[in-house]
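Asks:
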Amino acid sequence: MSFRPLALIVACVLLVACNKVNQANYSKLQAGMSKAEVEQLLGAPRECAGALGITSCTWGDEQTLISVQYAGDKVLMFSGKGLK
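Every letter in the sequence shown is one number past the one before it in the numbering used here, and letter 69, counting from 1, is 818.
1) Could you give the uninterrupted runs of the alpha helix (DSSP H) lying entirely in the region 777 to 807, keeping only those of 4 residues or more?
2) Considering only residues of the same chain and omitting the five flanking positions on each side of residue 768, which have a CB-CB separation below 6 Å?
3) Given a cut-off of 8 Å, decide if residue 814 and residue 833 are closer than it, judged by their beta-carbon atoms.
4) Can you tell me which of the three DSSP states residue 818 falls into?
5) Classify residue 809 as helix, strand or coil using the three-state DSSP reduction.
6) Quick check on residue 806: buried or exposed, where buried means 16 or more other Cβ atoms within 10 Å of its Cβ?
7) Restricting to Cα atoms, I'd like to know which of 826, 825 and 816 is closest to residue 792.
8) When the Cα atoms are used, what is the spatial distance from residue 820 to residue 753?
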């Protein structure tokens with residue numbers, strides 16, 4: 750028996766299990782958290798944009814995402830879509 754198919758299956762399961770964009774992590778977000786705390790929880794954001802001290806960062810894709818808005822370095826508000 751080849752280990753290649755088994756290794757591929759294990760890798761896929763680990764990738765799904767490592768997805769940090771989920772309801773459990775969304776529930777841990779709180780206003781006032783620092784950017785570092787959010788990135789420790791969710792990993793690096795997919796993208797960020799901002800102006801005048803307000804930054805918006807997103808994690809995930811179009812179907813499943815978490816969006817966090819920062820004032821300076823602190824979470825101001827956040828929202829989620831399609832979380833499981």
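No residue lacks a Cβ here, since even glycine has one placed at the ideal position from N, Cα and C.
Replies: Concretely, from the data shown:
1) Within the region 777 to 807, the complete alpha helix (DSSP H) runs of at least 4 residues are 784 to 791.
2) Contacts found: none.
3) Cβ distance not < 8 Å, so residue 833 and residue 814 don't count as in contact.
4) Residue state for residue 818 is assigned as strand, using DSSP reduced to three classes.
5) Residue state, collapsed to three classes: strand.
6) Burial call: buried.
7) Closest by alpha carbon: 816.
8) Distance between the alpha carbons of residue 820 and residue 753 is about 47 Å.
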